[in-house]
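Enquirer: Numbering follows my numbering, in which position 193 of the sequence shown is assigned residue number 761; successive positions increment by one, without gaps.
C-beta atoms are modelled at their ideal positions from N, C-alpha and C, and glycine is treated no differently.
Since the model is a prediction, treat every value here as computed from it, not as a measurement.
Pasting in a structure now, in structure tokens, and then I'll have a few things to ask.
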Amino acid sequence: MHARMAGRTAIVIGAAQGIGRAIAHRLATEGASVVVADLNAQGAAEVADALPGEATSMGVDVADAEALEALAAFTLARFGRIDILVQNAGIYPESLIAETSPAQWQRVLAVNLTGSFYACRAVLPAMQAQRYGRMVFTSSITGPRVTASGTAAYSASKAGINGFIKTAALEFAGFGITVNAVEPGNIMTEGLTAGRSADFIDAMTRSIPIGRIGTPDDVAGAVAYLASAEAGFVTGTSILIDGGQTLPEGKS
Ligand SMILES: NC(=O)c1ccc[n+]([C@@H]2O[C@H](COP(=O)([O-])OP(=O)(O)OC[C@H]3O[C@@H](n4cnc5c(N)ncnc54)[C@H](O)[C@@H]3O)[C@@H](O)[C@H]2O)c1
Numbered sequence: 569m570h571a572r573m574a575g576r577t578a579i580v581i582g583a584a585q586g587i588g589r590a591i592a593h594r595l596a597t598e599g600a601s602v603v604v605a606d607l608n609a610q611g612a613a614e615v616a617d618a619l620p621g622e623a624t625s626m627g628v629d630v631a632d633a634e635a636l637e638a639l640a641a642f643t644l645a646r647f648g649r650i651d652i653l654v655q656n657a658g659i660y661p662e663s664l665i666a667e668t669s670p671a672q673w674q675r676v677l678a679v680n681l682t683g684s685f686y687a688c689r690a691v692l693p694a695m696q697a698q699r700y701g702r703m704v705f706t707s708s709i710t711g712p713r714v715t716a717s718g719t720a721a722y723s724a725s726k727a728g729i730n731g732f733i734k735t736a737a738l739e740f741a742g743f744g745i746t747v748n749a750v751e752p753g754n755i756m757t758e759g760l761t762a763g764r765s766a767d768f769i770d771a772m773t774r775s776i777p778i779g780r781i782g783t784p785d786d787v788a789g790a791v792a793y794l795a796s797a798e799a800g801f802v803t804g805t806s807i808l809i810d811g812g813q814t815l816p817e818g819k820s
């Protein structure tokens, strides 16, 4: 693979496993120096150790504004620039609205949506000073396009990301900074399979016209495009990566 990210520094948040780990690998393989950030500091360190090229890691709770400021400062101290931010950390606990406590609701919004704002805000000064930046956020089909019972907080948080990126894209356009999202469908990760039966996974697979569940690499490829210099005229939008799952008008 050619090194289209050579000389670039990327922060990938939520990269100790699943989609984020694949994104970190993809950006590193394309030549970027990568800071692997995750609530799971040990897992983040293991991912960073396995990356090609220069990589390091930091334990971060994306819902903690000060931790994000520290992450940006750490990255600048180590690599001198921040070209790419990928905010992929997200949680998806299921709970019917009637059974969701305010604290449960707040935590999902704090991680998925407010964390995205904190991450954006922390890297913004460096990107503005460079007059170059690529921000990519992991949204979802759930919220922006479809939904399921038990996902109200998650759906609200991901639809919120789609709104947030549009404003950010507009505000930062004059600085050479683009802001985009990806909307994965069902992607086979540790988080997706946790606590779910084989029957559930089979039913999910049958609902996807392309005939398989997505892989983290399916998402990483799209993120790498949005994070590359060649996507410089793409901003304020999202790429749907769902194997056609949201295409059918009704159940056939
Ligand atoms: N897997 C799917 O089918 C799917 C579909 C649509 C969207 N997504 C989104 O993709 C992203 C990654 O999903 P995944 O399936 O790889 O999840 P996962 O649970 O396998 O991995 C998520 C990673 O984020 C980290 N994380 C969780 N809370 C954090 C916090 N507060 N601060 C920092 N890191 C934190 C976890 O430690 C973990 O390493 C999420 O935003 C999720 O909502 C996933």
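Excluding five sequence neighbours on each side, which residues of the same chain lie with their C-beta closer than 7 Å to the C-beta of A635?
Expert: Numbered from 1 along the sequence shown, position 67 holds the residue referred to as residue 635. Excluding residues within five positions, the ones whose Cβ falls inside 7 Å are V628, D629.
Enquirer: Kindly list the residues whose CB is nearer than 7 Å to the CB of S663, restricted to its own chain and excluding five residues on each side of it in sequence; keep chain order.
Expert: Here the question's residue 663 lines up with position 95 in the sequence shown. Correct list, in chain order: Q672, G718.
Enquirer: Which residue or residues does DSSP assign as beta-bridge partners of L595?
Expert: Here the question's residue 595 lines up with position 27 in the sequence shown. Answer by DSSP bridge pairing: none, since L595 is not bridged.
Enquirer: Taking the C-alpha atoms as reference points, what is the distance between A592 and A737?
Expert: Numbered from 1 along the sequence shown, position 24 holds the residue referred to as residue 592. Numbered from 1 along the sequence shown, position 169 holds the residue referred to as residue 737. The straight-line gap from Cα to Cα measures roughly 23 Å.
Enquirer: Measuring only the C-alpha atoms, how far is R689 from S775?
Expert: The residue you call residue 689 lines up with position 121 of the sequence shown. The residue you call residue 775 lines up with position 207 of the sequence shown. Rounded to the nearest angstrom, the two C-alpha atoms are 38 Å apart.
Enquirer: Three Cβ pairs or more, each shorter than 8 Å: is that satisfied between the region 577–585 and the region 637–657?
Expert: Three or more beta-carbon pairs separated by less than 8 Å link the region 577–585 to the region 637–657, which places the two stretches in contact.
Enquirer: Roughly how many whole angstroms lie between the Cα atoms of R572 and G742?
Expert: Indexing the sequence shown from 1 puts residue 572 at position 4. Indexing the sequence shown from 1 puts residue 742 at position 174. Taking the straight line joining both Cα atoms gives about 23 Å.
Enquirer: Name the one or two DSSP bridge partners that L653 has.
Expert: Translated into the one-based positions of the sequence shown, residue 653 becomes position 85. In the DSSP output, where bridge partners are listed per residue, L653 has I579, M703.
Enquirer: Is it the case that the CB of I579 approaches a heavy atom of ligand 1 more closely than 7 Å?
Expert: Start at 1 with the first residue of the sequence shown, and residue 579 comes out as number 11. Relative to ligand 1, I579 has its C-beta separated by 7 Å or more from all heavy atoms.
Enquirer: Measuring only the C-alpha atoms, how far is S765 from L681?
Expert: For the purposes of this step, residue 765 is taken as residue 197 along the sequence shown, with counting starting at 1. For the purposes of this step, residue 681 is taken as residue 113 along the sequence shown, with counting starting at 1. Going by the C-alpha atoms only, they are around 29 Å apart.
Enquirer: Cβ of S765 versus every heavy atom of ligand 1: is any distance shorter than 7 Å?
Expert: The sequence position of residue 765 within the sequence shown is 197, counting from 1. S765: no, Cβ never under 7 Å from ligand 1.
Enquirer: Which of the three DSSP states is assigned to T624 in this structure?
Expert: Taking the sequence shown and counting its residues from 1, one reaches residue 624 at position 56. Three-state result, T624: strand.
Enquirer: For S601, list the residues DSSP reports as bridge partners.
Expert: In the sequence shown, counting from the first residue as 1, residue 601 sits at position 33. When beta bridges are read from the DSSP output, S601 appears opposite T577.
Enquirer: Based on Cα-Cα distance, which residue from S601, A788, A720, V750 lies nearest to P661?
Expert: Along the sequence shown, one-based indexing puts residue 661 at 93. Looking at the Cα atoms, A720 is the closest of the given residues.
Enquirer: What runs of the beta strand (DSSP E), each 3 residues or longer, lie entirely inside the region 709–782?
Expert: 745–752
Enquirer: With a threshold of 16 other CB atoms inside 10 Å of the CB of Q610, please say whether the residue is buried or exposed.
Expert: Here residue 610 is taken as the residue at index 42 of the sequence shown, counted from 1. Counting the other Cβ atoms within 10 Å of the Cβ of Q610 gives fewer than 16, which makes it exposed.
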